[in-house]
Every structure is written in C-alpha cells, then in structure tokens.
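Okay, so here's the structure we're looking at.
Number of protein chains: 2
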Amino acid sequence: MRHCIATVCLSGPLEDKLAAAAGAGFGGVEIFEPDLIGSPLSPAAVAARARELGLEIALYQPFRDFEAVPEERLRRNLRRAEAKFEVMHELDVSTMLVCSSVDPEAVDDDALASEQLARLADAAERHGFRIAYEALAWGRHVNEYDHAWRIVQAADHPALGLCLDSFHVLSRRTSLSTIDAIDAEKLFFLQLADAPRLGMDVLQWSRHYRCFPGQGVFPLADFTRRVLDRGYSGPLSLEVFNDVFRQADPDRMATDARRSLLVLEEEIDGLRSSMPPAARLLGYAFVELGVGPASAADTQGQLHALGFAQVAAHRSKPVALWQQNDVRLLLNAGAAPGAGIAAIAVESADPGACARRAQALLAPVLDRSRGPGEADLAAVGAPDGTSVFFCTTASRWPSDTWLSDFEPVLATGGVKPTGIRGIDHIALAQPFDAFDEAALFYRSVLGLSPLDSVELAAPAGLVRSRAVVNDTGEVRLVLNVPLLGDSAGEQLRLQHIALSCEDIFATARAMQARGLRPLAVPANYYDDLEARHALDPSLSASLRELDLLLERTDCGDFLHLYTATIDGRVFFEVVQRPPGYTGYGAANAPVRMAAQRAAAPDRPLAATNGRRE
Amino acid sequence: MRHCIATVCLSGPLEDKLAAAAGAGFGGVEIFEPDLIGSPLSPAAVAARARELGLEIALYQPFRDFEAVPEERLRRNLRRAEAKFEVMHELDVSTMLVCSSVDPEAVDDDALASEQLARLADAAERHGFRIAYEALAWGRHVNEYDHAWRIVQAADHPALGLCLDSFHVLSRRTSLSTIDAIDAEKLFFLQLADAPRLGMDVLQWSRHYRCFPGQGVFPLADFTRRVLDRGYSGPLSLEVFNDVFRQADPDRMATDARRSLLVLEEEIDGLRSSMPPAARLLGYAFVELGVGPASAADTQGQLHALGFAQVAAHRSKPVALWQQNDVRLLLNAGAAPGAGIAAIAVESADPGACARRAQALLAPVLDRSRGPGEADLAAVGAPDGTSVFFCTTASRWPSDTWLSDFEPVLATGGVKPTGIRGIDHIALAQPFDAFDEAALFYRSVLGLSPLDSVELAAPAGLVRSRAVVNDTGEVRLVLNVPLLGDSAGEQLRLQHIALSCEDIFATARAMQARGLRPLAVPANYYDDLEARHALDPSLSASLRELDLLLERTDCGDFLHLYTATIDGRVFFEVVQRPPGYTGYGAANAPVRMAAQRAAAPDRPLAATNGRRE
C-alpha cells in the first residue's frame, strides 16, 4: 500500500515537513491548508518540491462547512471552491476533502446536503477532480460515517465519494458493519489515527491527543482490514493532531509515523507479512553503564556491595565486565558524567533476525567500531539514545560471542554472591517528545507488549510511566517521562537497573554486610504501612532495618530496595517479585522519589523555564 | 480570615512547602498524606517546623474509602484511623478529612454511612478530634454536598461535620441553596479551588486542572460568601491539584496562591475591603526595550522607519527616549542580547495608590537605583520578570515626572510622523509555569480583565494566548505561552509592541518611504483571503503591496502588519483596529508565526529536550 502522511502531523515549515515525510519513506502527503497558506512557496513550487522528493500530493483540504446551507451561502462556497480548484491544479492533487459541516447555519436536511455536494462534485468533475466527503465526529448534523454514506449514495455522483477517518469512526464506537456495504469505488480516501481512550469531549480529544496507529487503543487493524477487504486501493494516510508530535523533530516523528504503518500492515497481513518476525527474547545478555571518572570508585564500590565481581576487561575499550551468577554488567568508568545506561543487550536465539526486523522497522542501525577479531554485535538506537544489542551468549566462555571480546582478570579474592539471579527490569527516562514513539519502538522492534501508563507523583511534578514487557517476563523495560515537558527538574532523568532475587531479606543482609547503604526510607512510610496492613511485627522490623519497601498484591508481597544514585543519574533496585505479579511497586514510587530528593537536596527542584531572574 | 494551603498545591519536599507557605503569609497548611509519608521528618518534627514558621496544621487527610463498608472492613478502617489519630497528636492537628468513598465495596446505604461515620467520630472524640466529611464529585454513592449533609445530619454526632470543597460543588453545578440550611457549627472546613471549564471527566479535571481562585471560571466569591454568611469561621484553605503548579517554584506559587485569596476576599467584602482599590489606568507612559549592542543599529533604524525620533537621553543611564506623538519608547541599546521588553509603564492618576495596591497584593516591589534629582518611580516585578511602572506623565515637559530624568537632544532634522497614535497592545511571552499566575497578577494588581484563552498554531507547536485589558481598552496586554513546556523552540520567546494608527494604508506607505521592510506575508495568504472574501481588487492589491494582514470582523476590518524581529526577541506590529473589535487578529497569528519562521530559518525548531544525540 502507498503510505501517506498529513503535513499537520509534523513540526516545522512545509518544506521541512515534505523532506521529513520523504526521508521516512512515505510516498505521499496530505496538504494541510494552514501549512500551505503560511508557506512562502507557491502551490506550483510545493508540487515541484514534492515531485523532486518522490512524494505524491494525495489530498487537499482547503475548507470546511460546505453543505446544507442557504443558497446564497452555497454560491459563496462554490466560488471559493473554484479558487481552490485552481490551487489544486497547481498542487497537482486531484482529491479534495470536505468534512461534514459544523456551521450553525447548516440545516439538518440530508437531501439538501446531497444536492449541494453533488453541485460541488459537478464543479470538481469539470476540473477532473473528485470530492471525498467525511463525517466529523462532532459534525453538526452529520457525525457518523454511515450517515455520510447515505448522503453520498443519494447524491449518486461519480465525482463524490467518502473519506473514512478512523478517529471519527472509532472514537464514537460506531458499528463498522456499514463499511461492508460501501461500494469500493466510493471509498475515495482512508485516514488513519489512533488515540488513547480519554474521558473528554471528542473535539478536544481529536485536536490534541491523536496518535499514530498502535500508540493508542483503537482496533485499527480490524478497521483497516475491513476497508481493504471492500477493495479500497488508495493510500493509508495518517492524519494525527498531537500537541507533542507537532513540536518534536519532524524527521524523527516521520520515522515513527511510518513505522506505525509498517506495524499496522504486519498486523493486517498476519502470516503473509514480509516483515521478519520478532525473535523470541531470552533475557538480558548485559547492560552497559557509563559513569564519569569522579563516580568510578563509588560505582565499583556499589557493584561490589551488590555482590558483583569484576571478571573481565574489554580487549580494546575501557570497559570492565562485572558479573554475579548469569547477570552481567559492563562498566565504562570513563564516560561522560551522567551518561547512564548506554546499552542494553537482549539475548536472542537469532540476533541476525532481530537486526533485520529492526532495520525493516526503520530503527537506526549503529555503526560499531571494533578491534580485530572482535565480535560483530548487531545494535540499533532506541528513541532515547540507548543502544540496543541483540546477541547470543554462549554458556561456555570464551567462545565466538561478545564475551570473547573480553579478557578474564585475576579474581581479587573469593566473591560470595548475594543472591542476585537476574535483571528484573530496566527503567529508562525518555525524552518528553519520545514517549509514544518509544513504546511503539519497543513493541515493534523487540516484540514487547506495552502495559497501561500510570502517573506517579514526584516531589517536582508528575511522571508518566509505562512498562513494555515480553510474554515470559524475561525482558521488562519501564519508560518514564515527566508529564509536562522537561521542566520538572533533574530528578526525572533518573534511570535504574532492577536486579531480582528470591529471598530479599537474605540478599539485603548480605549486601549490607558487604557495605551497601540502601536509600533511606522514611519511618513515616513504615508507620503508614503498619496502619494499612496488619503487618507481622517481625516483618515490619525487618523492613525497617533493611530499608525495604513492600507492596501487598493479590499475588503476594512485592518487596524492593534501592541504592544511592550514582552520578546523579543511575541507581539500582533489588526486587523480590511474587509469581504472577506484573507491576513495579507503583504505590511506593512517590516514596522512593521523595527519599531520593531528600538524599540530594541540592539538586535543582525545577528549571527556571525561560524566566528572567 | 485565616488563610491555609494544602501541601499538595506546592512543589518540593515537605519542608520546602512549609517554608513557602509561611513565606507567602499563610497562617496554616493542610498536610497531604503522601507529603508526610515521603518525608524524613517525623510528624512531631513537622509540627515543630510548622510552629517555628507560625503555621497551624489545620487539616489532615490520611485515608479514603472509610464508610458504608462491611463490618469486617470497617473494623480495619477504624484500626487504621486509630493509628492516624496517634499521628494527629504528634502533628498537633485536630480535624481529619474523610472523603466520600469511591470503593467498589462501599454500599449505597446512607444509614450505614451515617452509623459508621458516627463510630469514627466517637473514636475521634475520645482523642479530642473531629471528622470533616466531604462529598467527592466522583464519590461512588455520595457525590453532592447536600447528600453528605444529610448523612452528617442523620449521624448527629458533635465530632462529625462537613468539609465543603468548592471544586466538588461547582464542577457539578450543584445548587448552592442547601448551604443556607447547614448549621454553622457543622461547617468544619472550607476548601477552595477554581478551575477552567473543561469538557472532560470530573476526576481528571480535578486531579490535573484545578487552579487558584480567580484563575478559572467558578463563581467562588458567591460560593464563599454564602458559606461565610452561614457563620463559618474556619480558614479559607486552598486545595489545588495542578500539573503545572506542582512542578513550579514553590515560593512563587505560594505567593500566587495567597494573592488569589486576597483578591477573593476583596471581591467578597466589596466596598468594605481594606485593599487599596485599583486606580484607573490611562494608557502607557512608556515601554522600555533592551537590545544587545549588535542589534542597536537595527533597532534604531526600525524606530526611525516607524516614524519615531530620538528626543532625549537619560541623565544617568544609557537609555534613549524615542517619541512619536504621545507614544514614548525607551531604548537601552546596551542591554543583554535578547533582553526584550524590560519595562512597561502605565499612566495612572494616582501612581502611589497603584503601588500600595500592588504591594498589598504581594507584588515584588523593585528597588530602583536612581541618580540625584531623578524621579522616584514606583515599580513592581511581573511574573515574567518585566518591570511594571506606575506614573503620571505631565503634558508639559520638563516637569517633576519621569520625563525630567531625560535631557533633550538636538533634533537631527525634521521627523515627519507616520500616524502612530498610541500603543494598541503589548504581547509578552510568559514562562510556562507562570501563565495562570500572570493573568491573576495583571487582573488584580492592574485591575485588568482577562479574556478567554485561545490556542494558536505556530510551526513548532501550539501557543496559548490570553489578553488582559482594562475597561477602556487603553491598556491591553497579551500573554503567550507554549502549550507544552518550553520545549517548542525559540520562536515562542517572541514579544511584541503593537502600535495603533487610524489609516494603516497611509501609515504603512509612510513607513516604507522611511525604509521599513515589513515581515513578508506569503502570497498564498492573499490568494486564500480573496477566495474567502469577495475583496475589492484594489484593496487586495494594497494589502499585497504593503504586506498587510486582514481579519474581517463584525466590527469592520482589522488590519495589521509586522516588522522584522530584532535580536531574536522583539518585533513591532502596526494595527488599525475597527471600533468595538476586541480581538487581536488571532486567525492571522499562524501566518505571522510561519512568516517569522521563514525569515529566520536557522532558529532551532525544537529543543532536543533531554535527548542524547
């Protein structure tokens, strides 16, 4: 299918939007009228630019409120349409979108609407153009696609057809059954948008919160399949009004948009899809952490206290391998201060297939400089800049894997493990404008499933948090973003690595014996915990002693502790997860963030945000 | 009345919230439970800190979902309440808030609710405490205050009364008449919050969009007066959940909050208020502009082309006075680059009264360094850092006014005016977290009326814009803010000064003759204008020739043009306003912003927003 995108989805002046769309591999665009009117490029110059870029101009929407108006008003509308037809010749676009009227002057008269749209179609036909009529979800009299279809049927004009916009249909939960009755040649255009389910009026919802397919909750694969099954052969065209997207980098957003259509097509095509399928992930091969030189000793001390030992050094890079059982952490202690989690490596039975899928889904493939004889690791860049590696770690070492790039170091004495068995999850702070993009990236590229977003109260504002997990729970990522831009202070840049254990009391004691000083949890927290639950006094005493947090769940107690923050950026969590529990102790997150804030009182609370001091 | 504020209104750890509340002159606080639980301070230490700061702890809300539950659950709730009563002793607070239950287990049984609340009140009474019951607007069975009142009446317990929260009452448009029937001694507490009218579910509305009194649309003066008329003698206490406020500087927010209560009391008290009334404003005395040295020549050239002449120089500061008719602009050409509009001076018949009112409303009074013999100008700082001066400019110069600080300069030749008659409005970019604060500041301190907010599409995102005006239209300010944080690029820092004229065609021609090069308006704009309106061809030709924008209004044509942007920060607008028109040509703002973007293509489109490159 051809992929198109409406220019309103992207930030910047029209020429940047066109370049971004072409760069992401779109075959065409819908020109959003204000983008054209605000452009210094003439319509002919826009058309020429689009042609150079290999873009078709697939749709133009120059005005609204056309039909079911008094005759005098209709004449004005037709006159205006004639002027826009001239623009369409210059733009080299043949389909004009007309949305159902929201004008208070419009009357509730389907016959009049049909007749007037037919007159517009007559005029369009004389130019070789056609009119696609669309029911806005908040149209004054026509707000369901099946109503628009009755009007188009009654008009019975070859140059008049329907535009279906998934938002207008799915936001109102209109039955899809009428789609099966629409003649294929009357399906002039298909606009796609997803959205989160929000309890607000549909106009605000549509204008501010649409998102790309797969980023919301609408059943877009069903909807689109149904339209395609009728024989629709036009483009799949994205029309997304989103406050965040429209201020983000247009090249990145266009890539995100295009990826959403590739994923949608894969869903629609099912087994017939040519997309390399997501390979099964088996957990983490390693996580690479970068800290500034000033934090090197602290980090090494913390890893030691957590029960890790340095077992190897990279042959060509200043990177050390720390290990406990099969949990491997790479530490680059000469990184830029605050670098944080530089890379995540997931275990896969078929890293090559993972990389091919990532590439097909437009993930940026990273060039790796490697020494002679070093393993060639497939890696892609995630939206927040973290590198994601795909690898297979042999159980026996050395072997022809990434581990062979490391040289064993002499053990400095027997290191007794503390009971860390795996990586439970990794939490990554996302750039404000990459949250939806990141969820789709991990869902599509790694085959993870996004869970519901939650909002967490940090001392300096709300944080939105969303987990993406694989079906076995072996790979879990938590994506965090300040609810409102990046102005809520340093605290929200925090990342963490959560390590799992089976007996957190024993593990915490072993760690404290090795010198770990966990994040201090306020006594008030335990007082409240005791007030809420009838805690066994010895349990309560242990929690207090070990700075453990508890969330009582239907699956049992979720227990966790945190370390101090390294480099103002990264900390560790140690968790004991009850079987079946799929959360992350969200109820305790505000306490954790308050405790972190108390531990770093000099950190700026809030950015000055453009204020003049 | 005592003024209180809930700690949830403010950003930061609990000790910062207490300090901010005390600093702004609040007499007490409500302790929001998560703030206490996340604090390393014990309840007794919190109480001690509050005492030191002169703050009463007026209310504590330790849990929800108390009433109308099965007996076993009730026993757990009572046990928990006992633990919280102990905390209340330490906190030195005597009133506990209990909101109507949202628990799915709660049953719809008023008698049971009454009975169980009476049992809680019994327990509270033994401690010398009392329970304030509040209907949440989204309570499962009890969601109107009159319903809560029936339950409290039926319980008939001396330690059980009502808490009224304006949001829960006014968001549902519940009739206020039952307030008149509530016994004064049963009005235990009054929480105040305003909100904009939003078409969304009430829980989301409440949790994210509340604001301080006077910043929304609720009739808070009526509501509060009604409660006071019943004999309520407790504090006026703000409980505002707002995504923006909770990440802003707590000291500033606390001042804004306190100002809102001062304004509310003035409204309630009417003529009996001790607040110095707002003096009548008569327009602008001057506007002071600061530009970097590199932009000095450009700015002077632009002022010259606009028809201004430099008529005087400040006696002790590097500031020049430029004038045309009675419009006076001060230019500091040695300011920091991008300084922009440093000061606005409003004409007042009684500058002293203005300053006293500003001070009473907690506006920061600015220290002015002035030379010997120079006028003492009263000035306060606006939320965005702009200085606001109050002055009286004598018609004859020199005299004992601010003008006497200036030394006339020799005219460099006859300057022919271009027809500028006044300042139509001044547009100021606001810090993201100061938008509501700014509207309340100008409304209360200067006595201006806020008009409705509008959203404008800039190339790099949406901008929210709100005008505040006096009743004669002689003082108009337009406050602009990026809709989502400060991440939407440099463009949104733009400020401008709009100059008014009576014949914009003549004025624009005179300016062009003097060398003005207006902001280039795209031809597409005029093509669309012609398509929309049957424009007279000669009018259309003049608009194109002079780069004039037109908005056809019910009052006549609003015509305007823009200059190039100086210093990346400030530009001028020239407007011809039809009598009776109260807008600002919002329909043309996107075209203006697109044209500005086209004129400065190197300006960053969007901030990287924390992304790692």
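So the sequences go chain by chain: A and B. Residues 1 to 613 in the working numbering are what the first sequence lists, from first letter to last. Residues 1001 to 1613 in the working numbering are what the second sequence lists, from first letter to last. Positions of the beta carbon are idealized from the N, C-alpha and C atoms, including for glycine.
Along the chain, where does the beta strand (DSSP E) containing residue i start, and where does it finish?
{"i": "Asp1229 of chain B", "result": "That residue, Asp1229 of chain B, is in no beta strand (DSSP E); its alpha helix (DSSP H) goes 1220-1229."}
{"i": "Ser387 of chain A", "result": "387-391"}
{"i": "Gln1061 of chain B", "result": "1056-1061"}
{"i": "Cys4 of chain A", "result": "3-6"}
{"i": "Gln576 of chain A", "result": "570-576"}
In this structure, does DSSP put residue i in helix, strand or coil?
{"i": "Gly216 of chain A", "result": "coil"}
{"i": "Asn1480 of chain B", "result": "strand"}
{"i": "Thr178 of chain A", "result": "helix"}
{"i": "Arg509 of chain A", "result": "helix"}
{"i": "Cys1211 of chain B", "result": "strand"}
{"i": "Arg265 of chain A", "result": "The identity of residue 265 of chain A in the sequence shown is Glu, whereas the question assumes Arg. Helix, per DSSP."}
{"i": "Thr553 of chain A", "result": "strand"}
{"i": "Leu539 of chain A", "result": "helix"}
{"i": "Glu1502 of chain B", "result": "coil"}
{"i": "Phe432 of chain A", "result": "helix"}
{"i": "Ala1022 of chain B", "result": "helix"}
{"i": "Met1253 of chain B", "result": "helix"}
{"i": "Arg246 of chain A", "result": "helix"}
{"i": "Asp452 of chain A", "result": "coil"}
Tell me which residues share the same chain as residue i and place their Cβ nearer than 7 angstroms to its Cβ, disregarding the 5 neighbours each side in the sequence.
{"i": "Phe1218 of chain B", "result": "Ser1166, Leu1170, Asp1194, Ala1195"}
CB residue i to CB residue j, shorter than 7 angstroms?
{"i": "His1560 of chain B", "j": "Glu1545 of chain B", "result": "no"}
{"i": "Arg226 of chain A", "j": "Ile179 of chain A", "result": "yes"}
{"i": "Ile57 of chain A", "j": "Ile31 of chain A", "result": "yes"}
{"i": "Gln324 of chain A", "j": "Ile426 of chain A", "result": "no"}
{"i": "Gln61 of chain A", "j": "Glu86 of chain A", "result": "no"}
{"i": "Phe1129 of chain B", "j": "Val1098 of chain B", "result": "no"}
{"i": "Glu1134 of chain B", "j": "Gly1283 of chain B", "result": "no"}
{"i": "Phe241 of chain A", "j": "Arg207 of chain A", "result": "yes"}
{"i": "Ala1106 of chain B", "j": "Val1152 of chain B", "result": "no"}
{"i": "Asp1243 of chain B", "j": "Leu494 of chain A", "result": "no"}
{"i": "Glu266 of chain A", "j": "Met275 of chain A", "result": "yes"}
{"i": "Leu361 of chain A", "j": "Val468 of chain A", "result": "no"}
{"i": "Thr299 of chain A", "j": "Ile566 of chain A", "result": "yes"}
{"i": "Ser1449 of chain B", "j": "Phe1390 of chain B", "result": "no"}
{"i": "Ser1500 of chain B", "j": "Val1570 of chain B", "result": "no"}
{"i": "Gly199 of chain A", "j": "Asp1201 of chain B", "result": "yes"}
{"i": "Leu220 of chain A", "j": "Leu264 of chain A", "result": "yes"}
{"i": "Ala1615 of chain B", "j": "His1168 of chain B", "result": "Nothing about residue 1615 of chain B can be reported from this structure: the residues present for chain B run from 1001 to 1613 only."}
{"i": "Asp384 of chain A", "j": "Leu428 of chain A", "result": "yes"}
Going along the chain, which residues of its own chain have a beta-carbon closer than 6 angstroms to the beta-carbon of residue i, five neighbours each way excluded?
{"i": "Gly1012 of chain B", "result": "Pro1250"}
{"i": "Leu1014 of chain B", "result": "Asp1035, Ser1039"}
{"i": "Leu1001 of chain B", "result": "Checking the displayed sequence, the identity of residue 1001 of chain B turns out to be Met instead of Leu. So the qualifying residues of the chain are Leu1236."}
{"i": "His157 of chain A", "result": "Ala118, Ala121"}
{"i": "Ala44 of chain A", "result": "Glu90"}
Starting from residue i, trace the alpha helix (DSSP H) both ways and give me its first and last residue.
{"i": "His1089 of chain B", "result": "1071-1091"}
{"i": "Tyr145 of chain A", "result": "145-155"}
{"i": "Arg464 of chain A", "result": "Arg464 of chain A -> not in any alpha helix (DSSP H); beta strand (DSSP E) instead, spanning 461-469."}
{"i": "Arg597 of chain A", "result": "589-599"}
{"i": "Val1169 of chain B", "result": "1166-1170"}
Name, please, each residue of chain E whose Cβ falls closer than 8 angstroms to the Cβ of residue i.
{"i": "Met200 of chain A", "result": "The question asks about chain E, but that chain is absent: this structure's protein chains are A and B."}
Can you name, in chain order, every residue of its own chain whose Cβ lies under 8 angstroms from the Cβ of residue i, other than the five neighbours on each side?
{"i": "Ala599 of chain A", "result": "Leu519, Ala520, Ala564, Thr565"}
{"i": "Ser94 of chain A", "result": "Met88, Gly128, Phe129, Arg130"}
{"i": "Cys1211 of chain B", "result": "Ala1193, Asp1194, Ala1195, Pro1196, Val1240, Asn1242, Phe1245, Asp1436"}
- Message: With three or more C-beta pairs closer than 8 angstroms as the rule, is the stretch 349-366 of chain A touching the stretch 308-322 of chain A?
- Response: no
- Message: Any contact between the stretch 518-528 of chain A and the stretch 586-602 of chain A? By contact I mean 3 or more CB pairs, one from each, below 8 angstroms.
- Response: yes
- Message: Pairs of beta-carbons, one from the stretch 1547-1557 of chain B and one from the stretch 1577-1585 of chain B, closer than 8 angstroms: are there three or more?
- Response: yes
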